[in-house]
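One structure below.
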Amino acid sequence: MMNIGVAELLILGVLFLLLLLLLLAVGAAVFVAVRRANRPRD
44 MMNIGVAELL
54 ILGVLFLLLL
64 LLLLAVGAAV
74 FVAVRRANRP
84 RD
(Lines of atoms letter the chains of each structure in order from A and count residues from 1; the text may use other names and numbers.)
(Lines give C-alpha, C1' and ligand atoms only; values in the text may rest on other atoms or scores of the structure.)
Protein backbone atom coordinates (compact mmCIF):
# COMPACT_ATOMS: atom_id res chain seq x y z
CA MET A 1 0.00 0.00 0.00
CA MET A 2 1.24 3.48 -0.82
CA ASN A 3 1.54 5.99 1.98
CA ILE A 4 -1.04 8.72 1.33
CA GLY A 5 -0.20 12.12 2.79
CA VAL A 6 -2.45 14.94 3.91
CA ALA A 7 -1.90 16.88 0.67
CA GLU A 8 -3.03 13.95 -1.48
CA LEU A 9 -6.10 13.47 0.72
CA LEU A 10 -6.92 17.17 0.45
CA ILE A 11 -6.56 17.14 -3.35
CA LEU A 12 -8.72 14.01 -3.62
CA GLY A 13 -11.36 15.57 -1.38
CA VAL A 14 -11.47 18.77 -3.45
CA LEU A 15 -11.68 16.80 -6.71
CA PHE A 16 -14.49 14.67 -5.26
CA LEU A 17 -16.41 17.79 -4.18
CA LEU A 18 -15.97 19.36 -7.63
CA LEU A 19 -17.22 16.18 -9.29
CA LEU A 20 -20.23 16.10 -6.95
CA LEU A 21 -21.06 19.75 -7.73
CA LEU A 22 -20.73 19.06 -11.47
CA LEU A 23 -23.11 16.09 -11.25
CA LEU A 24 -25.54 18.17 -9.20
CA ALA A 25 -25.47 21.00 -11.77
CA VAL A 26 -26.01 18.57 -14.67
CA GLY A 27 -28.87 16.89 -12.83
CA ALA A 28 -30.52 20.24 -12.09
CA ALA A 29 -30.16 21.36 -15.72
CA VAL A 30 -31.70 18.11 -17.01
CA PHE A 31 -34.50 18.35 -14.43
CA VAL A 32 -35.38 21.91 -15.46
CA ALA A 33 -35.23 21.02 -19.17
CA VAL A 34 -37.55 18.05 -18.69
CA ARG A 35 -40.00 20.09 -16.62
CA ARG A 36 -40.09 22.82 -19.28
CA ALA A 37 -40.63 20.23 -22.02
CA ASN A 38 -43.40 18.43 -20.11
CA ARG A 39 -45.35 21.53 -19.15
CA PRO A 40 -49.06 20.72 -18.61
CA ARG A 41 -51.40 22.65 -20.89
CA ASP A 42 -54.08 23.74 -18.44
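Counting from 44, one number per residue, gives the positions in the sequence shown under my numbering. We put the beta carbon where it would ideally sit given N, CA and C, even for glycine. As the structure is a computational prediction, the values presented were derived from the model and not from experiment.
Between the CA atoms of leucine 65 and glycine 56 - distance to the nearest angstrom: Distance between the alpha carbons of glycine 56 and leucine 65: 14 Å.
Per-residue DSSP class, three states only, for glycine 48: Glycine 48 carries a coil assignment under DSSP once its states are collapsed to helix, strand and coil.
Rounded straight-line distance, which links the Cα of leucine 63 to that of arginine 84: Linking arginine 84 to leucine 63 through their CA atoms gives a straight-line distance of about 35 Å.
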